[in-house]
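A.B. asks:
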DNA sequence: CATTGCAGCTAATTATCGTTAGCCGAGGAG
DNA sequence: CTCCTCGGCTAACGATAATTAGCTGCAATG
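Residue numbers (my numbering), protein chains in the order written: chain A, -19 to 175; chain B, -19 to 175.
#1: In chain B, which residues lie with their C-beta within 8 Å of the C-beta of residue 1(A)?
#2: Let me know the beta strand (DSSP E) ranges lying completely inside the stretch 86 to 126 of chain B, each 3 residues or longer, listed in chain order.
#3: Using the Cα positions of residue 141(A) and residue 168(A), report the straight-line distance between them to the nearest angstrom.
#4: Anything in chain A within Cβ reach of residue 153(B), meaning under 8 Å, just list it in chain order.
#5: Within 10 Å of its beta-carbon, does residue -13(B) have 16 or more other beta-carbons around it, so buried, or fewer, so exposed?
#6: Is the Cβ-Cβ distance between residue 24(B) and residue 16(B) less than 8 Å?
#7: Quick test of your reading: residue 177(B) and residue 164(A), contact by CB under 8 Å. State the CB separation rounded to the nearest angstrom.
#8: For residue -8(A), decide whether its Cβ has a neighbour in chain B, counting only Cβ atoms nearer than 8 Å.
#9: Leaving aside the five residues before and after residue 166(B) along the sequence, list all residues of the same chain whose C-beta is less than 8 Å from its C-beta, in chain order.
#10: Given that a residue counts as buried once 16 or more other Cβ atoms are within 10 Å of its Cβ, and exposed if not, what is residue 149(A)?
#11: Is it true that the CB of residue 61(B) sits closer than 8 Å to the CB of residue 51(B)?
#12: Select from 56(A), 58(A) and 48(A) the residue whose C-alpha is nearest the C-alpha of residue 69(A).
#13: Note down, in chain order, every chain A residue with its Cβ under 9 Å from the Cβ of residue 136(B).
#14: So residue 65(B) packs on residue 81(B), CB below 8 Å; how close in whole Å?
#15: Could you check which residue in 11(B), -1(B), 101(B) and 12(B) has the C-alpha nearest to that of residue 27(B)?
#16: Mind pulling the chain A residues with CB within less than 8 Å of residue 106(B)?
#17: Could you give the first and the last residue of the continuous alpha helix (DSSP H) run that contains residue 80(B)?
#18: Put residue -1(A) into one of helix, strand or coil per three-state DSSP.
#19: I think residue 157(A) touches residue 126(A), with their Cβ atoms under 8 Å apart; what is that distance to the nearest whole Å?
#20: Could you give the first and the last residue of the continuous alpha helix (DSSP H) run that contains residue 28(A)?
#21: Among the residues of its own chain, which have a CB less than 8 Å from the CB of residue 172(A), if the five just before and after it don't count?
#22: I want to see whether chain A comes within less than 8 Å of residue 73(B), judged by CB atoms only; does it?
#23: Given this structure, state the Cα-to-Cα distance separating residue 97(A) from residue 94(B), to the nearest angstrom.
#24: Quick check on the DSSP output: the alpha helix (DSSP H) that includes residue 147(B) runs from which residue to which?
#25: For residue 122(B), which residues in chain A fall below 7 Å Cβ to Cβ?
#26: Residues of the stretch 65 to 96 of chain A in Cβ contact with chain B at a cutoff of 8 Å, in chain order, please.
#27: Under 8 Å between the Cβ atoms of residue 59(B) and residue 109(B)?
#28: Does the distance from the C-beta atom of residue 34(A) to that of residue 79(A) stay below 8 Å?
#29: Where does the unbroken alpha helix (DSSP H) through residue 5(B) begin, and where does it stop?
#30: Using a Cβ-Cβ cutoff of 7 Å, what residues of the stretch 53 to 64 of chain A are near chain B? List them in chain order.
#31: Between which residues of its own chain and residue 106(B) is the CB-CB distance below 7 Å, once the five residues before and five after are set aside?
#32: Identify the contact partners of residue 160(A) in chain B, using a Cβ-Cβ distance below 7 Å as the criterion.
#33: Check whether the Cβ atoms of residue 67(B) and residue 153(B) sit closer than 8 Å, and answer yes or no.
#34: Give me the Cβ distance between residue 1(A) and residue 86(A), rounded to the nearest whole Å; I'm assuming they're in contact under 8 Å.
#35: Exposed or buried, residue 83(A), counting other C-beta atoms within 10 Å across all chains shown (16 or more means buried)?
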């Protein structure tokens, strides 16, 4: 692994565990096997470390969403696949997702603005998916905004409790949570097993 | 308002807005109209401020849950009312709930242990409600644990985006989210309007 | 073999923070 | 009127943090 990548991954772990503010450059250095000042031979600053992590995370999430939605045009199936991608990302990259959600306030401008923009775009895409299902008459839900918030929050919650070695396999969680999402919006139609 | 109460409420606002670590005693002092050292005439320490807030919050949440569940024995209705209480608390005390969820890691022992214990109890109560519904045959969900996590996470998410003066009235959100919860667990029966 | 630059280190700088010490004015009690 | 306590203030302390300066050894290059 690249030195820089190693530092980033160690920093991610510490940011997730103790929070950005509570993590010191000395902590990161110790975990990576060097003194704090030596880190500056590889990274620009602690803030830069956070910014890199968070921006990359949001871009990955958006990319996963785009890829998932592009595979079909059926509204129900689209929401299902978008949710699957959402949940899977939060399970597979829970540290990134966790930090991405919790440390936005530790980001300084201009990174903060950029990340918030990406985040807003991601939210809008989900809201639009729900809206499309309502318009097509296959979802029964009072507020597309509330429903999409609820679905997004499922992923964030997941990132807080999920563990790779826990009792729930990744695929099981992905399936279950996607099911939750479709139930949430009152999805009807052949694409839904239960109900 | 009592001086101490004033300080606590100001601290809560700052902890919610910038995080515990990023909030200084000088910040709190300025918002309350005095210098940092003067705060110590009223509160023991910054950590104590956080501990008081978080422990009170968890106790209130638990009390609200107990009260809500005690009003009926029907499993569906119990989960609905517990969720309503959960969501309503997170809407009405969103700062407390927000800080309560995010700053656990900033708590030092022994406060941390106590709060985690209360939190675990709260989670267990929800899981048991879901389990009871499954046992009674009125819920159709694969994992009581996942379902209860999902419902709890709805509240936490809510605390992050809800605003008293936003476009969604409290009652509307409470109703909608409770509906989400019942749909999540696949609730059947006369107590459910839609489906 | 000489050189150069990378990547580490220690020491120092600058800043900030929680908290304590000790002073002081106002205002109520006697 | 005097005294004492309450609640504010400034100054100071002790820690700790991010970051910079400047030194050094090693390894690759020629």
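All residues carry an ideal CB built from backbone N, CA and C; glycine is no exception. Please read these numbers as outputs of a predicted model, since none were measured by experiment.
C.D. replies: Well, looking at it:
#1: -1, 1 and 2
#2: none
#3: 30 Å
#4: 126
#5: buried
#6: no
#7: There is no way to answer for residue 177(B), as the model of chain B reaches only from -19 to 175.
#8: no
#9: 119, 120 and 121
#10: exposed
#11: yes
#12: 48(A)
#13: 133, 136, 137 and 140
#14: Incorrect: roughly 16 Å between the Cβ atoms, too far for contact.
#15: -1(B)
#16: Neighbours of residue 106(B) on chain A: none; closest Cβ ~13 Å, over 8 Å.
#17: 74 to 82
#18: coil
#19: Contact flag wrong, Cβ pair sits at about 17 Å.
#20: 26 to 49
#21: Here residue 172(A) scores only 47 on pLDDT, less than 50, and its place in the model should not be relied on; the value that follows carries that caveat. Cβ within range, chain order: 56 and 162.
#22: no
#23: 38 Å
#24: Counting along the chain, residue 147(B) falls outside any alpha helix (DSSP H), and DSSP gives it neither H nor E.
#25: 156
#26: 82, 85 and 86
#27: yes
#28: yes
#29: 5 to 12
#30: none
#31: 62, 128, 131 and 132
#32: 130 and 164
#33: yes
#34: 6 Å
#35: buried
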